[in-house]
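Residue numbers (this note's numbering): 350 to 832.
The beta carbon of each residue, even a glycine, is placed where N, CA and C say it ideally should be.
Please read these numbers as outputs of a predicted model, since none were measured by experiment.
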């Protein structure tokens, strides 16, 4: 045959160098060989080492132990969920290599951990709270059937107890420049979408690391909401120690946005005038011009109720024309990484996680899917009504030579689900772009390019390491506007 049957595409396990066919709708996957005719694959039955060959177009009718002869079949064309945002770089690169324009996606791309702290000071000595290494988004061993509440409480406990690193620890961070780049991306996103004198609602604000970014935009009011009380206490300390922040109208609220309403529930709130007190945080709907959720949007997709409540909150907080901006995992890129790992196994025979190594072969990033998540992404769901909620995984970053990573759960946001919820809730998608493409575009703007230096994003070679650049590619920026 000359073409693959409808729905089938060809991929390659990069670690093993073995080709496989993948059906996008059913999730079926079969190994193949480079010298097989187009559309032919094989399986190995349990207890029988022989390969059973068959044509994808007629699996039952063509099954045979005899390998089919190659009959000058045309070259197979490989397809993937979406092209990589940029080719993988190797070795040291100049700033022109890193920041040269890269192709933008022809279609919308599709998804944090805690906040990266503000890092816009050009001073060589910075407070610990302003350092990108301060956000150690390393994530704790998950048990198979934890509930969403337990996940959220675990996350809150981890970030509340997180200690700020001292200057020596920051210098030792293996992902120092990646964290600085994440901060730069957030700064640019805020610069591009935040009008002067706007009222801002910052969801999952953490320890307040982004407050100075908003202060530089002269916002008229800032309200930060987070589930972790300990993180909010740190944010209060940051406000009290900073003259510019202490002169702003800043309010902080403790609450789980997947469970509470800012318009009707009495929550633990802080302001300079009243300090900590119980109150309903927002007095009237449509009180904000902009809502931001940096590196935390995915937590709202642990289940349908949480996502629906979040979008209900978003609708009630924003007037017509109000905007929501976010940074989160790019599902297309994550699925590409998952497909590339197919066939790899750990020593115990279990499917290997997604792993990203640095030049010294150190495992810097690990993404381990829950078994059900892996099955749903690769092979489809037995539930015809599966909309894509609860795609759970744990994400680990290695931040130091001897640092033991702590793992916390996250959730993938499928593009189809995200786009449907945006439309159903009266919003329009304005921006959806992979981090690498976003960097390529906005680093050409002089005022943003200057910020790269001020925020110490680039290393002494004028770039960032390959492993940091690869991890950066796992993320995307989002913006949508209320109609």
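Applying the criterion that 16 or more other CB atoms from any shown protein chain within 10 Å of the CB defines a buried residue, is residue i buried or exposed?
i: residue 593; result: exposed
i: residue 676; result: buried
i: residue 392; result: exposed
i: residue 418; result: exposed
i: residue 291; result: Absent from the structure is residue 291, since the part of the chain shown begins at 350 and ends at 832.
i: residue 809; result: exposed
i: residue 833; result: With the chain covering 350 to 832 only, the question about residue 833 has no answer from this structure.
i: residue 301; result: Since the first residue of the chain shown is 350 and the last is 832, residue 301 is not available in this structure.
i: residue 390; result: buried
i: residue 772; result: exposed
i: residue 632; result: exposed
i: residue 587; result: buried
i: residue 561; result: buried
i: residue 627; result: exposed
i: residue 602; result: buried
i: residue 537; result: buried
i: residue 802; result: exposed
i: residue 352; result: exposed
i: residue 604; result: buried
i: residue 574; result: buried
According to DSSP, residue i sits in a beta bridge with which residue or residues?
i: residue 675; result: 642, 827
i: residue 398; result: According to DSSP, residue 398 bridges with nothing at all.
i: residue 717; result: 743
i: residue 783; result: 825
i: residue 573; result: 551, 601
i: residue 626; result: 618
i: residue 689; result: None, per the DSSP bridge assignment.
i: residue 706; result: 712
i: residue 391; result: 380, 402
i: residue 648; result: None, per the DSSP bridge assignment.
i: residue 700; result: 694
i: residue 371; result: 358, 378
Taking 8 Å as the CB-CB cut-off, is residue i touching chain C?
i: residue 412; result: In the displayed structure, chain C is absent; only one protein chain is listed.
By Cβ distance below 6 Å, which residues in the same chain neighbour residue i in space, the five residues on each side in sequence not counted?
i: residue 788; result: none
i: residue 713; result: 705, 707, 747, 816
i: residue 686; result: 703
i: residue 641; result: 551, 674
i: residue 568; result: 547, 549
i: residue 740; result: 722, 760, 761
How is residue i classed by DSSP in three states: helix, strand or coil?
i: residue 613; result: coil
i: residue 535; result: helix
i: residue 467; result: Note that residue 467 scores a pLDDT of 43, beneath 50, so its modelled location is shaky; the value from the coordinates is reported in the next line. Residue 467: coil per DSSP, three-state reduction.
i: residue 560; result: helix
i: residue 620; result: strand
i: residue 358; result: strand
i: residue 776; result: strand
i: residue 761; result: strand
i: residue 806; result: coil
i: residue 833; result: Look at the range of the chain in this structure, 350 to 832, and you will see that residue 833 is not part of it.
i: residue 753; result: With a pLDDT of only 45 at residue 753, under the threshold of 50, the placement of this residue in the model should not be trusted; the figure read from the coordinates follows. Coil at residue 753, not helix or strand.
i: residue 818; result: helix
i: residue 418; result: coil
i: residue 771; result: helix
i: residue 378; result: strand
i: residue 661; result: helix
i: residue 413; result: strand
i: residue 681; result: helix
i: residue 407; result: strand
i: residue 766; result: helix
i: residue 596; result: coil
i: residue 832; result: coil
i: residue 567; result: coil
i: residue 633; result: coil
i: residue 460; result: In this prediction, residue 460 scores a pLDDT of 35, lower than 50, which makes its location untrustworthy; the coordinate-derived value is nonetheless stated afterwards. Residue 460 falls in the coil class under three-state DSSP.
i: residue 738; result: coil
i: residue 590; result: helix
i: residue 792; result: coil
i: residue 523; result: coil
Sorted by chain position, which residues of the same chain lie with C-beta nearer than 8 Å to residue i's C-beta, five sequence neighbours on each side aside?
i: residue 866; result: Past the edges of the chain, shown from 350 to 832, lies residue 866, and the structure says nothing about it.
i: residue 821; result: 527, 530, 531, 784, 785, 788, 813
i: residue 378; result: 369, 370, 371, 372, 691, 727, 728
Nearer than 7 Å: is that true of the beta carbon of residue i relative to any heavy atom of the ligand PLP?
i: residue 383; result: Only the bare structure without any ligand can be found here, which leaves the ligand PLP out of the picture.
Quick one: what's got a C-beta closer than 7 Å to residue i's C-beta in the same chain, skipping five residues either side?
i: residue 798; result: 792
i: residue 383; result: 368
Taking three-plus beta-carbon pairs below 8 Å as touching, is the stretch 618-634 in contact with the stretch 671-689? The stretch 618-634 vs the stretch 671-689: no contact.
Is the stretch 580-588 touching the stretch 642-653 in the sense that three or more CB pairs, one from each, lie closer than 8 Å? By the Cβ test, the stretch 642-653 is not in contact with the stretch 580-588, since fewer than three Cβ pairs between them sit closer than 8 Å.
Tell me whether the stretch 779-796 and the stretch 815-830 touch, counting them as touching only if at least three CB pairs, one residue from each stretch, are closer than 8 Å. Two segments are said to touch when three or more pairs of C-beta atoms, one from each, lie closer than 8 Å; by this definition the stretch 779-796 touches the stretch 815-830.
Does the stretch 688-701 come close enough to the stretch 553-565 to have 3 or more Cβ pairs within less than 8 Å? Not touching, per the Cβ criterion.
Three Cβ pairs or more, each shorter than 8 Å: is that satisfied between the stretch 660-670 and the stretch 600-612? Verdict: yes, contact present.
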